[in-house]
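Heads up: the sequence lines are chains R and H, in that order.
For our numbering, add 15 to where a residue sits in the first sequence, where the first one is 1.
For our numbering, add 15 to where a residue sits in the second sequence, where the first one is 1.
C-beta atoms are modelled at their ideal positions from N, C-alpha and C, and glycine is treated no differently.
Report on the following structure.
Number of protein chains: 2
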Amino acid sequence: MTVRMKIAVDAMGGDNAPQTVVEGVERARDEYSDLEFILFGKKSEIKSYLKSEVHIKIVHTDEVISMNDEPVKAIRTKKNSSMVLAAKAVKDKEADAFFSCGNTGALLAAGLLIVGRIKGISRPGLLSTLPVLSGDGSGAFNLLDSGANAENKPEHLHQYAILGKYYAQRVRGIKNPRIGLLNNGTEPHKGSKVTQEAYQLLNTDDTLNFVGNVEANAILKGAADVVVADGFTGNAVLKAIEGAASAMIHLLKNMIMDSGLTGKLGAMLLKSSLSGLKDKMDQSRYGGAVLLGVKAPVVKAHGASDDAAVYYTLRQIHKMLVEKMTPDLVSYFSHKG
Amino acid sequence: MTVRMKIAVDAMGGDNAPQTVVEGVERARDEYSDLEFILFGKKSEIKSYLKSEVHIKIVHTDEVISMNDEPVKAIRTKKNSSMVLAAKAVKDKEADAFFSCGNTGALLAAGLLIVGRIKGISRPGLLSTLPVLSGDGSGAFNLLDSGANAENKPEHLHQYAILGKYYAQRVRGIKNPRIGLLNNGTEPHKGSKVTQEAYQLLNTDDTLNFVGNVEANAILKGAADVVVADGFTGNAVLKAIEGAASAMIHLLKNMIMDSGLTGKLGAMLLKSSLSGLKDKMDQSRYGGAVLLGVKAPVVKAHGASDDAAVYYTLRQIHKMLVEKMTPDLVSYFSHKG
């Protein structure tokens, strides 16, 4: 008998839930025979989109955490919400990982308060994957903490380097990931007290391939495989990059629309290049944002995820589970403590 | 007799100095009859590019601060450098403003240590102007501190709001500039201790048109006219936006180059739209970065500035001088103290 890995899915999170969630889950189920899914949410709605229940269990609940709910309060009061029940399934070892496209703050709170921190980890951090915008266009880098914390100490940044290293090795297959510290200059003495101290911690940890300080423009050119930052700056940089990229695509479209017949003809001929640029900026192919430092994979896909984005994220979770990333992190930090 | 305003120019700063500096100065001299210039640098080199010495004085020096010099050390030891002499001219009231395309750190040090802080200002901040990437494409916003400081207290951010407001009013002609606080969420309670306290200071200052917290993606859509941030985050966001924009233009170019004959034909037909996009991202038309909170306009243009960028920056300085921005800031903060 095959022992399958189980993913607890908040089927009601996201703009297009449960439809795109169900479709993405079925795609992952059809591809990975070693996966099973528990879908939490409105049974009749879920069933109306589900083609087959093979390896899929539905746990009915009417309660849903909305995008506007205050995260910590929602986790504490909406005990029967699809998100809380999915997180609880992981806590109770009924599932091995937790996935949602819903309220990010609530997912972080569920990860921290329900799934729980790995012993030895002070402040779990959110890892995002971003495209490298140079070279052949296949590159990517991880940024953490990209927003789980509003403030971080140097020791947290050191832990993010280790967490990010494990992720880059196990999920992205990078043997010796280059770790960079996000800073306002490349020289070792640069930055705030936090980054100056973090530099020392990273630089003296021989287990890390530390490449030094990296600036926010250099990370887009692939200066490091894993970029470590405090959650406030990491979040601001993530949003600035996403915002600039999407605004530029939008602006280019408008300029083409206003450019008359010649311009429109040009855009038609260039269609593949322009959509290539858009695809390049589409982060969903890398999967979702991962809360690292908790006892199981806790992963958030974008609220606007389509079925493909859901599928990519489940593929990413599958990889984390197969590669035993979390158990090995637990073991690493228990030996440190 | 006309009393002309004098700008002290570090003629040797920047990649194309002194040629582009001299050319930009002459263009500004020809346009503004109320301006005079003192050019500091290698006299023979400067003269070889200069068409006319009307309203232009040259002060010869051989010493130059390079892009690789350690800023504070350079200011302290290279006493006869073109940058230090230009800053000293302002300190000694021989000039009303100080301009350079050279080493940013050295310019900041010269501004702080030689020109000096306005009484009542704790930590002068660097103001940058960035394009709003939505609407008709004519919008812009100011971001400060964009990198003069590695750490800031809430009171500094409050002062940046006031400094930025004066700049937006006097230079950009915005009557009641919308002030936003860069944060990791829009709700009032969001952020670090610094942003939470800064929020309170800004929100209770009735002289400010405070629009609340703004996120790094929203500022590109024009969420505020003046965006206030600590220098570490402001610097990271500035570099992330610049980096993402320039990388995307680069990526688009590569994709067009690789797209075969059809794609290249399309690009030809779209040429005006594509160069429009590039122009939109060209910050030089807004002038340079301004160190606000010191006793005179201290302005830095990009090291790669062409003559037009130098001219735009001198036009920006002219506006600050004509509008008496600095004297009015001095007066405002002396009444506060």
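Since I believe R/F55 is in contact with R/I71 (beta carbons under 8 Å), could you give me their beta-carbon distance rounded to a whole number of angstroms? As a first step, residue 71 of chain R is located in the first sequence; it is residue number 56 there, counting from the start. As a first step, residue 55 of chain R is located in the first sequence; it is residue number 40 there, counting from the start. Going by Cβ atoms, the distance from R/I71 to R/F55 rounds to 12 Å, so no, they are not a contact pair.
Any idea what DSSP makes of H/D25, helix, strand or coil? In the second sequence, the residue the question calls residue 25 of chain H occupies position 10. Here DSSP, grouped into helix, strand and coil, assigns H/D25 to strand.
For the structure I just gave you, are there three or more beta carbon pairs, one from the region 274-284 of chain R and one from the region 270-288 of chain H, closer than 8 Å? Contact holds between the region 274-284 of chain R and the region 270-288 of chain H, because three or more Cβ pairs, one in each stretch, are under 8 Å apart.
Contacting residues, own chain, Cβ-Cβ under 6 Å from R/G249 (five flanking each side not counted): Residue mapping note: residue 249 of chain R aligns to position 234 of the first sequence, counting from 1. Counting only Cβ-Cβ distances below 6 Å, and skipping sequence neighbours, we find L158, D160, S161.
Under the DSSP definition of a beta bridge, which residues are partnered with R/G140? Taking the first sequence and counting its residues from 1, the one referred to as residue 140 of chain R is at position 125. R/G140 is bridged to R/L307.
Smallest Cα separation from R/K295: which of R/G227, R/Q215, R/C116, R/L235? Position 280 of the first sequence, counting from 1, holds the residue named residue 295 of chain R. Answer by Cα proximity: R/L235.
With a cut-off of 8 Å, does the C-beta of H/N250 fall near any C-beta of chain R? One-based indexing of the second sequence puts residue 250 of chain H at position 235. Contact with chain R is found for H/N250, since one of that chain's Cβ atoms lies less than 8 Å from the residue's Cβ.
What does DSSP give as the partner residue(s) for R/L178 in the beta ladder? The residue given as residue 178 of chain R occupies position 163 in the first sequence. According to DSSP, R/L178 bridges with nothing at all.
CB R/A165 to CB R/L141, shorter than 8 Å? On the first sequence, position 150 is the one that residue 165 of chain R refers to. On the first sequence, position 126 is the one that residue 141 of chain R refers to. A distance of 8 Å or more separates the beta carbons of R/A165 and R/L141.
With which residues is H/I73 paired in a DSSP beta bridge? By one-based count along the second sequence, residue 73 of chain H stands at place 58. Partner(s): H/L54.
Examine chain H for any beta-carbon lying closer than 8 Å to the beta-carbon of R/S299, and answer yes or no. Indexing the first sequence from 1 puts residue 299 of chain R at position 284. Not closer than 8 Å to any Cβ of chain H, the Cβ of R/S299 fails to qualify, so no.
Kindly indicate the opening and closing residues of the alpha helix (DSSP H) around H/V337. By one-based count along the second sequence, residue 337 of chain H stands at place 322. H/V337 -> alpha helix (DSSP H) spans 322-337.
Out of curiosity, what's the CA-to-CA distance linking R/D84 and R/T92? Your numbering for residue 84 of chain R matches position 69 in the first sequence. Your numbering for residue 92 of chain R matches position 77 in the first sequence. About 11 Å.
Can you tell which of H/F348, H/V325, H/Q184, H/K334 has the C-alpha that lies nearest to the C-alpha of H/D25? Residue mapping note: residue 25 of chain H aligns to position 10 of the second sequence, counting from 1. Among H/F348, H/V325, H/Q184, H/K334, the Cα nearest to that of H/D25 is on H/V325.
Starting from R/S287, trace the alpha helix (DSSP H) in both directions and tell me its first and last residue. Translated into positions along the first sequence, residue 287 of chain R becomes position 272. Taken as a continuous stretch (DSSP letters only), the alpha helix (DSSP H) holding R/S287 covers 286-296.
Determine whether the Cβ of H/M335 lies closer than 8 Å to any Cβ atom of chain R. Residue 335 of chain H sits at position 320 when you count from the first residue of the second sequence. For H/M335, no CB of chain R lies under 8 Å from its own CB, so it is not counted at the interface with that chain.
Could you pull the start and end residues of the beta strand (DSSP E) that H/S115 belongs to? The residue you call residue 115 of chain H lines up with position 100 of the second sequence. For H/S115, the enclosing beta strand (DSSP E) begins and ends at 112-115.
Using a Cβ-Cβ cutoff of less than 7 Å, which residues in the same chain neighbour R/N224 once the five nearest sequence positions on both sides are dropped? In the first sequence, the residue the question calls residue 224 of chain R occupies position 209. Within the same chain, R/N224 has close Cβ partners N191, P192, R193, I194.
On the premise that H/V186 lies in contact with H/Q331, defined as a C-beta separation below 8 Å, what is that separation, rounded to the nearest angstrom? Sequence index remark: in the second sequence, residue 331 of chain H carries index 316 (1-based). Sequence index remark: in the second sequence, residue 186 of chain H carries index 171 (1-based). Rounded, the Cβ-Cβ distance is 6 Å, consistent with contact.
Would you grab the beta carbon distance between R/H317 and R/S299 for me? Rounded to a whole angstrom, and I think it's under 8 Å. Against the first sequence, residue 317 of chain R aligns to sequence position 302. Against the first sequence, residue 299 of chain R aligns to sequence position 284. About 6 Å; that satisfies the 8 Å criterion.
Count the CB pairs spanning the region 256-265 of chain R and the region 207-224 of chain R that are closer than 8 Å, and state whether there are at least three. As far as the Cβ criterion goes, the region 256-265 of chain R does not touch the region 207-224 of chain R, which means the pair count is below three.
Excluding the 5 residues preceding and the 5 following R/V305 in the sequence, name in chain order all residues of the same chain whose CB lies nearer than 6 Å to its CB. Along the first sequence, one-based indexing puts residue 305 of chain R at 290. The beta carbon of R/V305 is closer than 6 Å to those of L142, V314 in its chain, skipping five residues each way along the sequence.
Can you pull the chain R neighbours of H/K295, defined as C-beta to C-beta under 8 Å? One-based indexing of the second sequence puts residue 295 of chain H at position 280. Neighbours of H/K295 on chain R, chain order: L266.
Counting along the chain, where does the beta strand (DSSP E) carrying H/I194 start and finish? Counted from its first residue, the second sequence places residue 194 of chain H at position 179. 193-197 is the span of the beta strand (DSSP E), which, as asked, contains H/I194.
For the 8 Å Cβ check, are there 3 or more pairs between the region 121-128 of chain R and the region 34-46 of chain R? With the cut-off at 8 Å, the region 121-128 of chain R and the region 34-46 of chain R do not touch.
Helix, strand or coil for R/L159 per DSSP? If you number the first sequence from 1, residue 159 of chain R lands on position 144. It is a strand residue.
Where do the ends of the alpha helix (DSSP H) carrying H/V209 lie? As a working note, residue 209 of chain H is residue 194 in the second sequence. Per DSSP, H/V209 belongs to the alpha helix (DSSP H) from 208-218.
Taking a contact to mean a Cβ-Cβ separation below 8 Å, would you say H/D307 touches H/P139 in this structure? Locating residue 307 of chain H in the second sequence gives position 292, where the first residue counts as 1. Locating residue 139 of chain H in the second sequence gives position 124, where the first residue counts as 1. The sequence given here has Leu at residue 307 of chain H, not Asp. Against a cut-off of 8 Å, the Cβ pair of H/P139 and H/L307 comes out as a contact.
Taking the alpha helix (DSSP H) that R/N31 belongs to, which residues open and close that run? By one-based count along the first sequence, residue 31 of chain R stands at place 16. First-last for R/N31: undefined, no H or E at that position.
State the Cα-Cα distance for the pair H/L216 and H/A231, rounded to the nearest angstrom. Along the second sequence, one-based indexing puts residue 216 of chain H at 201. Along the second sequence, one-based indexing puts residue 231 of chain H at 216. Their Cα atoms are separated by approximately 21 Å.
Can you give me the Cβ contacts of R/F113 inside the same chain, cut-off strictly under 6 Å, excluding the 5 residues immediately before and after it? As a working mapping, residue 113 of chain R is identified with position 98 in the first sequence. Counting only residues of its own chain and dropping the five nearest sequence neighbours on each side, R/F113 has a CB closer than 6 Å to the CB of A23, A101, A102, V105, V313.
Could you check how far apart the C-beta atoms of H/A251 and R/N228 are, in whole angstroms? I think they sit under 8 Å. Start at 1 with the first residue of the second sequence, and residue 251 of chain H comes out as number 236. Start at 1 with the first residue of the first sequence, and residue 228 of chain R comes out as number 213. Incorrect: roughly 12 Å between the Cβ atoms, too far for contact.
Could you say which of R/H204, R/H333, R/D343 lies nearest to R/R19 if we only look at CA atoms? Position 4 of the first sequence holds residue 19 of chain R. Among R/H204, R/H333, R/D343, the Cα nearest to that of R/R19 belongs to R/H333.
Alpha carbons only, please: which of H/T144, H/F156, H/D107, H/L178 is nearest the one belonging to H/G135? As a position in the second sequence, residue 135 of chain H is number 120, starting the count at 1. When only C-alpha atoms are compared, the closest one is H/L178.
I need the straight-line Cα distance from R/K180 to R/A213, nearest angstrom please. If you number the first sequence from 1, residue 180 of chain R lands on position 165. If you number the first sequence from 1, residue 213 of chain R lands on position 198. Rounded to the nearest angstrom, the gap between the Cα atoms of R/K180 and R/A213 is 16 Å.
Can you round the beta-carbon distance between H/I80 and H/G117 to whole angstroms, since I take them to be within the 8 Å contact cut? Within the second sequence, residue 80 of chain H is the residue found at index 65, counting from 1. Within the second sequence, residue 117 of chain H is the residue found at index 102, counting from 1. Contact between H/I80 and H/G117 holds, since their C-beta atoms are separated by about 6 Å, short of 8 Å.
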